[in-house]
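K.L.:
In my numbering, the protein residues as written are 1335 to 1691. Okay, handing you the structure first.
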RNA sequence: UGGGGUGUAGCCAAGCGGUAAGGCACGGGACUUUGACUCCCGGAUUCGUAGGUUCGAGCCCUGCCACCCCAG
């Protein structure tokens, strides 16, 4: 007996391969779709997309399902990458992968798959869904791999069309499944870097799109320390790439602020410098996956991917959500996402706009 | 060109005759579907330079060079 038709977004990695394998085994009518959303090659001229598509092909042949390739490079550029660049120009630090999920994987891609007759899409994300009475997004069972953070801006509508087959397993077990099923990517290295673009020397990569704009580096007291290459190449809390050595106490230097108007990068010394920490931030467009019952409540939050849950107090105002952390948080950065949790449930998330204190 | 001081890896800096600490920076790796953070590994056949003393010199002596300070 055939179950519903499902499209599996396949990257060429183990997680999506096992996702396809599991659904196939469960009797779903599935097909794999490989997305190519970035047309440029790496500086060394290699095109990992071709290798990845090769892997998708081999996996699909192995589990005997049809596969296709789609190109959303144009959509990715318009809806993710141009925004990504604009954010950097505005002195913020965007998270393209969160945007990519919202605009591409669970939008352009989802629409495309529905047009081909699929009733849902499956991906290899490590998270789970509770579909009783609406949808609740839950952390993956493997707490070390949980990727709910990246899905924090999805809507009920988007999540209701999603399936995460590996969310209930640990990465280790997923690899075991892959080996037992003899999937050719069973031992393939985990991929990192910006989704679809891959691992790059980040500053060099940005330099290709955002030309250098050298300026001064100063301490918050105004002492001149050196020159920077362009504010957009640095993010709050960053240490490497500053090229400051031998000054002051001998401790490491970190970026603690940016003055866009005067093109000054503020730096301070010492990993525990108070200027690196903050407790309160505001988010103007917060996405709640389910409407909260109260306008004030406490829960936990992550201010960056893989950060252990932090106790916070949330205040929902007319135009923004204020998050106050119980403990000082290191390098809370405008442009990055604050994601709220209640135990295993991801309540939603939004881009940090202002650091209040 | 009178006096004093300093010159050790990109920067800061130990070393006080016995065969070059450490920190920061930088590079590589690990971790990681953003950016970061963090962790691990890596560095001077050589101590401004040219000679000399010594079994042996970064450390002692002499010349030279450079920089700094005081005085003029």
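Just so it is clear, CB atoms sit at the ideal spot from N, CA and C, and this is done for glycine as well.
#1: Return yes when the Cβ of residue 1659 is within less than 7 Å of the Cβ of residue 1644, no when it is not.
#2: So, with DSSP's three-state summary, where would you put residue 1605?
#3: Quick one: what's got a C-beta closer than 8 Å to residue 1319's C-beta in the same chain, skipping five residues either side?
#4: For a minimum of 4 consecutive residues, which ranges assigned as the alpha helix (DSSP H) are wholly contained in the segment 1532-1594?
#5: Below 7 Å between beta carbons: does that hold for residue 1339 and residue 1516?
#6: Leaving out five residues on either side along the sequence, give the residues of the same chain with a beta carbon under 6 Å from the beta carbon of residue 1484.
#7: Tell me which residues share the same chain as residue 1583 and place their Cβ nearer than 8 Å to its Cβ, disregarding the 5 neighbours each side in the sequence.
#8: List the residues that DSSP assigns as beta-bridge partners of residue 1659.
#9: If we ignore side chains and look at the alpha-carbon of each, how far apart do residue 1679 and residue 1617 end up?
#10: Roughly how many angstroms separate the alpha carbons of residue 1489 and residue 1621, rounded to a whole number?
#11: Going by DSSP in three states, residue 1673 sits in which element: helix, strand or coil?
#12: Suppose you measure from the CA of residue 1335 to the CA of residue 1391; what does that come to, to the nearest Å?
#13: Just list the beta strand (DSSP E) runs in the segment 1396-1457, keeping only unbroken ones of 3 residues or longer that don't cross its boundaries, in chain order.
#14: Is the segment 1501-1520 close to the segment 1336-1356, with three or more CB pairs under 8 Å?
#15: Can the beta-carbon of residue 1666 be found less than 7 Å from the beta-carbon of residue 1632?
#16: Could you check which residue in 1441, 1372 and 1401 has the C-alpha nearest to that of residue 1408?
#17: At what residues does the beta strand (DSSP E) containing residue 1506 begin and finish?
#18: Take residue 1690 as the anchor and find which of 1634, 1615 and 1653 has the nearest alpha-carbon.
#19: Please classify residue 1481 as buried or exposed, where buried requires at least 16 neighbouring CB atoms within 10 angstroms.
#20: Whose CA, out of 1624, 1638 and 1687, lies closest to the CA of residue 1471?
#21: Looking only at C-alpha atoms, which of 1619, 1495, 1353 and 1476 sits nearest to residue 1446?
#22: Using only alpha-carbon positions, find the residue among 1437, 1402 and 1677 that is nearest to residue 1415.
#23: Can we say the segment 1455-1475 touches the segment 1592-1601, given the rule of at least three CB pairs closer than 8 Å?
P.N.:
Based on what the coordinates show:
#1: For the purposes of this step, residue 1644 is taken as the residue at position 310 of the first chain. For the purposes of this step, residue 1659 is taken as the residue at position 325 of the first chain. In this structure, residue 1644 lies near residue 1659, with their beta-carbon atoms less than 7 Å apart.
#2: As a working note, residue 1605 is residue 271 in the first chain. Reduced to three states, the DSSP call for residue 1605 is coil.
#3: The structure shown has nothing for residue 1319, since the chain only spans 1335 to 1691.
#4: Counting only runs of 4 or more, we get 1536-1541.
#5: Locating residue 1339 in the first chain gives position 5, counting from the first residue. Locating residue 1516 in the first chain gives position 182, counting from the first residue. Contact: no.
#6: As a working mapping, residue 1484 is identified with position 150 in the first chain. Contacts found: 1431, 1432 and 1435.
#7: Residue 1583 sits at position 249 when you count from the first residue of the first chain. These residues qualify, in order along the chain: 1603 and 1604.
#8: As a working mapping, residue 1659 is identified with position 325 in the first chain. DSSP lists 1646 as partners of residue 1659.
#9: In the first chain, the residue the question calls residue 1679 occupies position 345. In the first chain, the residue the question calls residue 1617 occupies position 283. One Cα belongs to residue 1679, the other to residue 1617, and the distance between them is close to 20 Å.
#10: Your numbering for residue 1489 matches position 155 in the first chain. Your numbering for residue 1621 matches position 287 in the first chain. Linking residue 1489 to residue 1621 through their CA atoms gives a straight-line distance of about 8 Å.
#11: Locating residue 1673 in the first chain gives position 339, where the first residue counts as 1. For residue 1673, the secondary structure class from DSSP, reduced to helix, strand or coil, is strand.
#12: Counted from its first residue, the first chain places residue 1335 at position 1. Counted from its first residue, the first chain places residue 1391 at position 57. Model confidence at residue 1335 stands at a pLDDT of 47, short of 50, so the residue's coordinates are unreliable and nothing is read from them.
#13: Counting only runs of 3 or more, we get 1401-1405 and 1454-1456.
#14: Remark: three or more beta-carbon pairs, one from each stretch, lie closer than 8 Å, so the segment 1501-1520 and the segment 1336-1356 are flagged as touching.
#15: To locate residue 1666, count along the first chain from 1; it is residue 332. To locate residue 1632, count along the first chain from 1; it is residue 298. No.
#16: Start at 1 with the first residue of the first chain, and residue 1408 comes out as number 74. Relative to the Cα of residue 1408, the nearest Cα in the group 1441, 1372 and 1401 belongs to 1372.
#17: Working through the first chain from its first residue, we reach residue 1506 at position 172. Counting along the chain, residue 1506 falls outside any beta strand (DSSP E), though it belongs to the alpha helix (DSSP H) covering 1505-1514.
#18: Within the first chain, numbered from 1, the residue matching residue 1690 stands at position 356. Checking every option, the nearest Cα to that of residue 1690 belongs to 1615.
#19: Taking the first residue of the first chain as 1, we reach residue 1481 at position 147. By the neighbour-count rule (16 or more Cβ atoms within 10 Å), residue 1481 is buried.
#20: Here residue 1471 is taken as the residue at index 137 of the first chain, counted from 1. The shortest C-alpha to C-alpha distance from residue 1471 to any of 1624, 1638 and 1687 is the one to 1624.
#21: In the first chain, the residue the question calls residue 1446 occupies position 112. Closest by alpha carbon: 1495.
#22: Counting from 1 along the first chain, the entry for residue 1415 is found at position 81. Ranking 1437, 1402 and 1677 by CA distance to the CA of residue 1415 puts 1437 first.
#23: Contact between the segment 1455-1475 and the segment 1592-1601 is absent, because fewer than three Cβ pairs lie under 8 Å.
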